[in-house]
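Peer 1: Line by line, the protein sequences are chains A and B. Reminder that position 16 of the first sequence reads as 17 in my numbering, one-by-one numbering, no gaps. Reminder that position 102 of the second sequence reads as 154 in my numbering, one-by-one numbering, no gaps.
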Amino acid sequence: KAGVTQTPRYLIKTRGQQVTLSCSPISGHRSVSWYQQTPGQGLQFLFEYFSETQRNKGNFPGRFSGRQFSNSRSEMNVSTLELGDSALYLCASSFRTSTNNEQFFGPGTRLTVL
Amino acid sequence: DAKTTQPPSMDCAEGRAANLPCNHSTISGNEYVYWYRQIHSQGPQYIIHGLKNNETNEMASLIITEDRKSSTLILPHATLRDTAVYYCIVRVANNQGGKLIFGQGTELSVKP
Numbered sequence: 002k003a004g005v006t007q008t009p010r011y012l013i014k015t016r017g018q019q020v021t022l023s024c025s026p027i028s029g030h031r032s033v034s035w036y037q038q039t040p041g042q043g044l045q046f047l048f049e050y051f052s053e054t055q056r057n058k059g060n061f062p063g064r065f066s067g068r069q070f071s072n073s074r075s076e077m078n079v080s081t082l083e084l085g086d087s088a089l090y091l092c093a094s095s096f097r098t099s100t101n102n103e104q105f106f107g108p109g110t111r112l113t114v115l
Numbered sequence: 053d054a055k056t057t058q059p060p061s062m063d064c065a066e067g068r069a070a071n072l073p074c075n076h077s078t079i080s081g082n083e084y085v086y087w088y089r090q091i092h093s094q095g096p097q098y099i100i101h102g103l104k105n106n107e108t109n110e111m112a113s114l115i116i117t118e119d120r121k122s123s124t125l126i127l128p129h130a131t132l133r134d135t136a137v138y139y140c141i142v143r144v145a146n147n148q149g150g151k152l153i154f155g156q157g158t159e160l161s162v163k164p
């Protein structure tokens with residue numbers, strides 16, 4: 002069974018640009034969550050999508066947005082990039098069952114903002 | 053979700069058991085204890101979770117104290133590949149889905 006895939010793996014952008022990252026969950030998983038990891042703040046939850054609807058949201062500015070498609074693939078977008086947006090962006094998928102919320106993480110997209 | 057406290061770093065000799073502690077004194081009755089680990093430059097990996105009974109799987113054992121205010125993750129025979137940051141997370145296990153709240157974790161170094 003293929004794991005969570007994220008594209009691209011590495012990305013370099015400049016301040017003010019926007020970026021779109023993609024995540025394909027494990028087949029059959031309908032929940033996709035996004036996290037940002039930086040050396041200073043650690044791993045922080047961005048948002049979660051389930052059945053094309055945002056179900057949970059972290060404490061990030063509106064420049065960070067996402068969406069989920071009918072095949073459960075998800076994209077996140079960051080507009081007007083700032084230097085502080087340089088981070089590893091991780092995507093995780095799960096079944097979102099009532100007894101086990103095991104999250105399966107992808108390898109991440111390393112974003113560098115210059 | 054309750055907060056957790058973990059030591060920032062630990063060392064363990066290869067082949068010995070690694071015992072990683074976690075304090076979660078404000079845990080609620082319906083919150084589970086989850087453990088994830090992150091090997092350098094990879095996404096976090098689920099290890100194990102439990103409510104109040106001790107749990108064991110092919111990767112590790114989880115020991116939760118009777119008052120549930122602390123727990124210990126045990127890697128029975130640590131290998132060099134177990135070197136990673138280990139995160140203890142407490143949360144309700146229901147259909148609320150994602151939103152894992154990660155702390156700073158414990159950086160475990162397994163040495164030959």
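Glycine included, C-beta positions come from ideal geometry on N, C-alpha and C. Because the structure is a prediction, the values reported are computed rather than measured.
So Asn106 of chain B and Ser113 of chain B are in contact, right, with Cβ under 8 Å, and what is the actual spacing, rounded?
Peer 2: Sure, about 7 Å apart at Cβ, within 8 Å.
Peer 1: Report the rounded CA-to-CA distance for Ile126 of chain B versus Val33 of chain A, giving the unit in angstroms.
Peer 2: If you take the alpha carbons of Ile126 of chain B and Val33 of chain A, they lie about 29 Å apart.
Peer 1: With a CB to CB cut of under 6 Å and the five nearest residues on each side skipped, what residues in its chain are close to Arg56 of chain A?
Peer 2: Correct list, in chain order: Glu49.
Peer 1: With C-beta atoms as the reference, is Ser122 of chain B less than 9 Å away from Cys74 of chain B?
Peer 2: Yes.
Peer 1: So with Cβ pairs under 9 Å, would you call Asn60 of chain A a contact of chain B?
Peer 2: False, the Cβ-Cβ gap to chain B never drops below 9 Å.
Peer 1: When DSSP labels each residue in this structure, what does Gly67 of chain A get in the three-state scheme?
Peer 2: Gly67 of chain A falls in the strand class under three-state DSSP.
Peer 1: Excluding five sequence neighbours on each side, which residues of the same chain lie with their C-beta closer than 6 Å to the C-beta of Leu115 of chain A?
Peer 2: So the list reads Thr15, once near-sequence residues are dropped.
Peer 1: Take Asn71 of chain B as the anchor and find which of B:Gln156, B:Thr78 and B:Gln58 has the nearest alpha-carbon.
Peer 2: Answer by Cα proximity: B:Gln58.
Peer 1: As an exercise, report each continuous beta strand (DSSP E) stretch of at least 3 residues that is fully enclosed by the segment 16–84 of chain A, in chain order.
Peer 2: Here the runs fully enclosed are 20–25, 32–39, 43–51, 54–58, 65–69 and 75–79.
Peer 1: Less than 9 Å separating the beta-carbons of Gly67 of chain B and Gly43 of chain A?
Peer 2: No, they are not a contact pair.
Peer 1: In the DSSP assignment, what are the bridge partners of Leu12 of chain A?
Peer 2: Bridge partners of Leu12 of chain A: A:Leu112.
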